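Written out below as structure tokens is the structure these notes cover.
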Amino acid sequence: MEEMSPDNIHGVILAVSSSIFIGSSFIIKKKGLKKAGVSGARAGEGGYGYLYEPWWWAGMITMIVGEIANFAAYAFAPAILVTPLGALSIIFSAVLAHFILEEKLHMFGILGCILCVVGSTTIVLHAPHEQDIESVKQVWHLATEPGFLAYSAVVLVVVLVLIFYYEPRYGKTHMIVYVGICSLMGSLTVMSVKAVAIAIKLTFSGMNQFKYFHAWIFIIVVTICCLLQINYLNKALDNFNTAVISPVYYVMFTTFTILASMIMFKDWASQSGLQIATELCGFVTILSGTFLLHKTKDMGSSGSLRGATAQSPRDTPVFINSGSSRSSTSSTRPSML
């Protein structure tokens with residue numbers, strides 16, 4: 009295995025720091041959403057009372073700090089290395105949810121999270137080297153090639169269908185709707201964020217990139233995508249258990265982001281068949297963890313599959329909230345895909 013470059017080391021440190029802040033922000037924001045939901049309409053019902061809740065703003069500030077660290081990481085390291093490290097946010101989120109929100113994690117739920125982390129680590133260890141980028145115009149050229157344009161078109165069509173057809177009908181009962189919107193838009197966000205981060209890095213090195221209109225288009229895309237993600241992530245957090253949202257959002261977001269990166273930056277071009285096969289095994293491991301999380305959602309607190317069919321999916325998801333039922337999937341809002 010080749011020694012990591014200084015840029016990659018800086019990227020990893022920033023990505024790990026980002027995971028700590030972002031994982032914590034999930035819990036802080038949900039605490040704010042719960043408090044806001046007591047006195048008014050919940051975010052999942054179209055309410056915006058959380059904007060007056062200090063806890064929600066504290067969570068937003070924490071998330072912004074994490075996103076800034078994540079943003080900086082993309083300036084130093086390739087997306088296929090930085091993005092999978094978001095798995096660490098699952099750990100921080102699950103631990104804080106246990107102590108602050110009293111959302112219990114089943115044995116098989118923990119195993120599912122571990123599989124997600126192992127699969128992501130496999131991908132990181134066999135990540136390809138990124139090509140050198142010398143100008144934001146070079147990134148624009150990559151983004152406007154037929155392959156990535158086709159990917160972007162498919163993402164936009166699917167997101168529009170989810171927003172206008174599936175969200176009004178199934179949003180409150182199927183977590184995949186909200187998480188799907190956030191994950192698909194997130195893949196476009198990361199590609200644009202990387203372009204902006206590269207532009208800033210090159211500008212600080214003495215080559216001003218903001219004199220090109222390409223950089224400003226990437227900034228507009230980042231802004232629009234982030235606003236959409238924040239809106240639908242709030243709805244997901246208000247309707248479903250935090251400990252379920254975190255790993256599933258991570259898996260889907262990572263999958264689409266790596267796919268987008270491979271299409272746009274052609275990361276696979278410099279890899280051998282063995283490296284590609286190993287990365288595919290990492291993907292399978294991640295998907296296995298997700299499957300385990302949801303296949304065992306009907307288990308009781310003992311962690312046994314026996315007797316699961318005698319209980320309602322609405323009462324016994326993988327993660328049981330022993331606190332307030334208002335914000336938990338253990339109440340009347342199932343977390344079924």
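For the sequence shown, this note's numbering assigns the number 9 to the initial residue and increments by one for each residue that follows. Ideal Cβ placement from N, Cα and C applies to all residues, glycine included. Since this is a predicted model, take the numbers as computed values, not measurements.
Neighbourhood of residue i by C-beta distance below 7 Å, restricted to the same chain and skipping five residues each side
i           : result
residue 314 : Because residue 314 sits at a pLDDT of 44, beneath the cut-off of 50, its placement in the model cannot be relied upon, and the point is left open.
residue 206 : 83, 141, 144, 147
residue 32  : 70, 100, 104
residue 167 : 189, 192, 193
residue 126 : 293
residue 95  : 124, 125, 128, 258
Three-state class that DSSP yields for residue i in the structure shown
i           : result
residue 46  : helix
residue 145 : helix
residue 112 : strand
residue 183 : helix
residue 68  : helix
residue 200 : helix
residue 214 : coil
residue 140 : coil
residue 279 : coil
residue 273 : helix
residue 154 : helix
residue 86  : coil
residue 247 : helix
residue 222 : helix
residue 134 : coil
residue 7   : Nothing about residue 7 can be reported from this structure: the residues present for the chain run from 9 to 345 only.
Proximity test, Cβ basis, 8 Å: residue i and chain D
i           : result
residue 285 : Here there is only one protein chain, and chain D is not present.
Alpha-carbon spacing of residue i relative to residue j, whole angstroms
i           : j           : result
residue 221 : residue 227 : 10 Å
residue 119 : residue 237 : 28 Å
residue 187 : residue 288 : 23 Å
residue 198 : residue 87  : 8 Å
residue 113 : residue 66  : 25 Å
residue 134 : residue 276 : 11 Å
residue 15  : residue 76  : 17 Å
residue 29  : residue 80  : 14 Å
residue 69  : residue 24  : 17 Å
residue 64  : residue 241 : 13 Å
residue 191 : residue 261 : 4 Å
residue 263 : residue 194 : 11 Å
residue 17  : residue 78  : 13 Å
residue 60  : residue 43  : 10 Å
residue 20  : residue 90  : 7 Å
residue 58  : residue 181 : 21 Å
residue 165 : residue 214 : 39 Å
residue 26  : residue 271 : 25 Å
residue 202 : residue 282 : 27 Å
residue 111 : residue 46  : 19 Å
residue 115 : residue 121 : 10 Å
Residue environment, residue i, which counts as buried when at least 16 other CB atoms sit within 10 Å
i           : result
residue 280 : exposed
residue 216 : exposed
residue 98  : buried
residue 312 : Low local confidence applies: a pLDDT of 45 at residue 312 is under 50, so the model's placement there is unreliable, with the coordinate-based value given in what follows. The residue in question, residue 312, is exposed, as its Cβ has fewer than 16 Cβ neighbours within 10 Å.
residue 39  : buried
residue 161 : exposed
residue 85  : buried
residue 273 : buried
residue 172 : exposed
residue 219 : exposed
residue 155 : exposed
residue 299 : exposed
residue 169 : exposed
residue 34  : buried
residue 109 : buried
residue 278 : exposed
Cut-off 6 Å between Cβ atoms - residues of its own chain near residue i, not counting five sequence neighbours on either side
i           : result
residue 210 : 217
residue 200 : 226, 229, 230
residue 131 : 92, 287, 290
Cβ shell of residue i (< 8 Å), same chain only, five flanking positions each side left out
i           : result
residue 310 : Confidence in residue 310 is poor, its pLDDT being 47 and thus under 50, which makes the residue's placement unreliable; the coordinate value appears in the next sentence. Excluding sequence neighbours, residue 310 sits near nothing in its chain.
residue 259 : 124, 294, 295, 297, 298
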